[in-house]
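Taking it in order: structure first as structure tokens, then the write-up.
Number of protein chains: 2
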Amino acid sequence: MDERKQRILQAIVQDYIESAEPVGSRTIARRHDLGVSPATIRNEMADLEMLGYLEHIHTSSGRIPSSKGYRFYVDDLLPSKPLEEEEKALIDKWYMERVRRIDEVFQETARIISHVTKNVSLVLAPQMTQAAFRCLQFLPLDERRAIAVIMTDAGFIENKIVPIPDGAAFEDFQRMALVINGCLAGHTLDAISPAVMKTIREEIGDESLFEAAQEVIHRSLDTGKRERLYLGGTSEILSQPEFHDVEKVKEILLMFEEEQLLKDILHAHLGEGLKVTIGKENEVRGMQECSLMTATYHLDGELLGTIAVLGPTRMEYGKAMTLLNYMNGHLADVVKKFRW
Amino acid sequence: MDERKQRILQAIVQDYIESAEPVGSRTIARRHDLGVSPATIRNEMADLEMLGYLEHIHTSSGRIPSSKGYRFYVDDLLPSKPLEEEEKALIDKWYMERVRRIDEVFQETARIISHVTKNVSLVLAPQMTQAAFRCLQFLPLDERRAIAVIMTDAGFIENKIVPIPDGAAFEDFQRMALVINGCLAGHTLDAISPAVMKTIREEIGDESLFEAAQEVIHRSLDTGKRERLYLGGTSEILSQPEFHDVEKVKEILLMFEEEQLLKDILHAHLGEGLKVTIGKENEVRGMQECSLMTATYHLDGELLGTIAVLGPTRMEYGKAMTLLNYMNGHLADVVKKFRW
DNA sequence: TGTTAGCACTCTTTCCAGTTGAGTGCTAAA
DNA sequence: TTTAGCACTCAACTGGAAAGAGTGCTAACA
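Going down the list, the sequences are from chains A and B. Using my numbering, the first residue of the first sequence is number 2, and each one after it goes up by one. Using my numbering, the first residue of the second sequence is number 2, and each one after it goes up by one.
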């Protein structure tokens, strides 16, 4: 793979991303100053096809990049350009204007990403399991019920109604809260071991009270695992010529409805930094003609969540990468602002 | 509009709903036992077109119903049939299997409606403004902050972090909670008047404390107004031949992204019972080739929210109406089960 | 007088053949 | 090694012909 081949591949990928039409040797020669004639380019293209970087619909059509071609382009040929200052300012402005509560941060992030990249965006919001348990408190509701309020370090508060077992009083619950807080404070929720639970059981003593406690803790774990997913710009993707076929649109919309599937996909990329999965590299049916770019964002070293761009393989990788890299670092600042 | 015309109109609408093709006199004569020849039907069709119930694409095409035609069909010709017992059982099963928390009730309702009708469903979940304020409590968070927990009769609990003003202590907040609970208990949130606020101000005495209280109350009002909207089956609509054109799909998907617009539309129908808005009767651009069927559900006489079916004008009105009527009565029961 | 059969007419859809144009692959010359 | 030239391929477009569905009108019929 000599340098000229690389330049030609780069030219083809860029032209194809722009035009969505198979590109021919003549077009490349005219639009890019490679200093060689179309015939030479044709020879190189034949080689590139042999090597698996390009594809051919039929004998007399131009070339389009294969998944392998995009992969090489993304890994080695992508011209990097930082985000414009004014774009950064605009993004800050959007956050300022439209976000009032912490969960709106993610909604707005999804909006921004889809708006800038003209593709679908996905934002997986922090899961409580990664955040440390902070404290649990009970509030009296009526004679037979109490409200459990559970807080974590990441700024999330959950609540649940618990029935007070016969023979117990609200005061027992308050005592129980002390025990639980003593044992669990600082633990991440998925680090709560059976041994710790056993200690709690012994300290509480009463079996029916412990069952209530267990339910609360179980619930907080359960809620924690329920990561939230925000989708943006599902209609943007329809502007792309590859989605002019309604059947394909349907397939992808159907995928968007399967929230758990999307969460699992994003979850699998958690902690991997910026990663691009191109075309057939995607295992999920319905995404084989798409590329997915994911990035994980952090806050003070603690894993927070995943942001992603989903578009046709012919997406503007450079732009998407630039934006995700920026949001990656920026999102932590925004979250901090809307934290406690 | 004699009876024969009505039967012919009914036959045309039904056939068109089924086939999505303009229907001709011969088809009607063959498929429906009207006892007259195609020629007679042609004459009647010409009359119906004159009266505005039918439309004509070009000289030699069959007829399709106009908005007026659908309107007459829905109002006067719709054959009513109750939901099958087994369908009811299936719906109950779905709720049982998939719903764990109160907000999942609405998500699942949307799923069920879209699944049964093969159209898009919209569910506007209860707004707190309609629910009565139950009580407010504070929990200590640290020296300078407290957590406010607000509960309403409808089973919703919201929380918010409030800073404790300099010079005040957590105990002042507890005193404040007593005052607020005394003044607001039983009020619906939108019935909290300036006069009541003034009383609270006087009873609290301290200005900075009152400001904190005001913020909490304002926040609970604010959250209350944020009705939640659940969408289901956006991909279903693509199976309909009228959405084979990607431009139309895009237009409607774009509408789905404007959550506030959808909320406003559903909100406008709140309290009107079962209502059908057909084709051009819809004022919103992008919905002019669709019909929207809405129904409001109640719980113990208290307004809860709106459920709706959105589909092409050629939707199966009978089925949708049957289902909405059933869900209408049924949803209250389900909500009750998942309430406190 | 309402109903029906017959027929001419309209318009869409489908098919086919011919043409155009973009693009390739190969060969031979520079 | 590069390039010009040329034959070849294939998709996309064009125009016309034929088929088919359906209408509207007229005249006959019960």
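In this text, a Cβ means the ideal position worked out from N, Cα and C, and glycines have one as well. Keep in mind it's a predicted model, so treat the numbers as computed, not measured.
Just to make sure I have the definition right: I need the residues of chain A whose C-beta is within less than 7 Å of the C-beta of residue i. Which are they?
| i | result |
| --- | --- |
| B:S236 | K251, L254, L255 and E258 |
Whole angstroms are fine: how far does the CA of residue j sit from the CA of residue i?
| i | j | result |
| --- | --- | --- |
| A:N182 | A:F139 | 12 Å |
| B:H299 | B:L293 | 20 Å |
| B:Q175 | B:V124 | 38 Å |
| B:H188 | B:V197 | 10 Å |
| B:G312 | B:Q11 | 19 Å |
| B:V150 | A:L232 | 29 Å |
| B:D93 | B:E273 | 26 Å |
| B:D301 | B:K337 | 10 Å |
| A:T110 | A:L324 | 11 Å |
| A:G287 | A:M97 | 36 Å |
| A:I9 | A:A40 | 13 Å |
| B:Q215 | A:V277 | 48 Å |
| B:A75 | B:I279 | The residue you asked about is not Ala; residue 75 of chain B is Val in the sequence shown. Whole-angstrom Cα-Cα distance: 9 Å. |
| A:R5 | A:N44 | 12 Å |
| A:P127 | A:T297 | 11 Å |
| B:L275 | B:I308 | 10 Å |
| B:T235 | B:P141 | 44 Å |
| B:L267 | B:Q289 | 16 Å |
| A:D85 | A:I103 | Sequence check: residue 85 of chain A is Glu here, not Asp. Taking the straight line joining both Cα atoms gives about 26 Å. |
| A:V121 | A:R112 | 9 Å |
| A:S209 | A:I162 | 16 Å |
| A:E144 | A:D167 | 10 Å |
| B:N329 | B:G319 | 15 Å |
| A:D34 | A:L49 | 19 Å |
| B:A133 | B:L185 | 9 Å |
| A:M316 | A:R72 | 12 Å |
| A:L255 | A:L91 | 33 Å |
| A:K251 | B:R99 | 25 Å |
| B:A47 | B:I18 | 20 Å |
| B:I238 | B:S115 | 9 Å |
Identify every residue that forms a DSSP beta bridge with residue i.
| i | result |
| --- | --- |
| A:R64 | A:V24 and A:H57 |
| A:G312 | A:S292 |
| A:P164 | A:R146 |
| B:L230 | B:L125 |
| B:V277 | B:M294 |
| B:E159 | B:I151 |
| B:L137 | B:I151 |
| A:G36 | Answer by DSSP bridge pairing: none, since A:G36 is not bridged. |
Counting contacts by CB-CB distance shorter than 9 Å, is residue i in contact with chain A?
| i | result |
| --- | --- |
| B:L52 | no |
| B:L300 | no |
| B:G233 | yes |
Near residue i, what residues of its chain come up, given a Cβ to Cβ distance below 8 Å and the 5 sequence neighbours on each side ignored?
| i | result |
| --- | --- |
| A:P242 | A21 |
| A:D77 | Q7 |
| B:I158 | V150, I151 and M152 |
| A:T28 | D16 and G63 |
| A:N160 | I148, A149, V150 and I151 |
Anything in chain A within Cβ reach of residue i, meaning under 8 Å, just list it in chain order.
| i | result |
| --- | --- |
| B:N160 | V150, I158 and N160 |
| B:L185 | Under the 8 Å cutoff, chain A gives no residues; its nearest Cβ is about 17 Å from B:L185. |
Taking only beta-carbon positions, decide if residue i is within less than 9 Å of chain B.
| i | result |
| --- | --- |
| A:D48 | no |
| A:S122 | no |
| A:S240 | yes |
For a contact defined as C-beta to C-beta under 7 Å, what are the partners of residue i on chain B?
| i | result |
| --- | --- |
| A:Q138 | L140 |
Output, in chain order, the set of chain B residues within a Cβ distance shorter than 8 Å of residue i.
| i | result |
| --- | --- |
| A:F244 | V247 |
Just to confirm my understanding: we take residue i, look at its own chain, exclude 5 residues before and 5 after, and list those with CB closer than 7 Å. What are they?
| i | result |
| --- | --- |
| B:S67 | G53, Y54, L55 and E56 |
| B:P195 | none |
| A:V117 | L324 |
Between which residues of its own chain and residue i is the CB-CB distance below 6 Å, once the five residues before and five after are set aside?
| i | result |
| --- | --- |
| A:V37 | none |
| B:I105 | Before going on, a small fix: residue 105 of chain B reads as Glu here, not Ile. None. |
| A:A321 | T118, M294 and V310 |
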